[in-house]
Amino acid sequence: MTEPAPLSDTDQKVLKRLRRIEGQVRGLQRMIEEGRDCHDILIQLSGVRNALDAAGEQILEQYASGCRAHPGETVTPQDVVRAVKLLRG
């Protein structure tokens, strides 16, 4: 079994962002459990959604530049369109 390649700086930044989002989601759960004001919960939820969008865009940029393609493969325009559609869901 081969070991995965070391993470790039961009990968490390994405992981850091995702860990921060994970903390925000835990905060949302705690807010609901504590019966916090709906307005405050919605503000936090909006922040989580924006953070997820930003992480998705960063991953899409990596994909579009070819770093997530399989070795020896190029990323075609159709691949990018498919990735954008997945991101926009």
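Numbering (my numbering), first residue to last: 1165 to 1253.
Glycine is no exception: its CB is placed at the ideal position from the N, C-alpha and C atoms.
- Beta-carbon to beta-carbon, GLY1191 and GLN1176 are separated by about 23 Å, too far to satisfy the 8 Å threshold.
- With a minimum length of 4 residues, the unbroken runs of alpha helix (DSSP H) contained wholly in the region 1165-1212 fall at 1173-1197.
- Separation of TYR1227 and THR1166 (C-alpha to C-alpha, rounded to the nearest whole angstrom) is 23 Å.
- In this structure, DSSP gives GLY1220 a helical state, which the three-state scheme calls helix.
- Contact check for GLY1220 against LEU1179 fails: the beta carbons are separated by 8 Å or more.
- In terms of CA proximity to ALA1215, GLN1188 leads the group PRO1168, LEU1171, GLN1188 and ASP1173.
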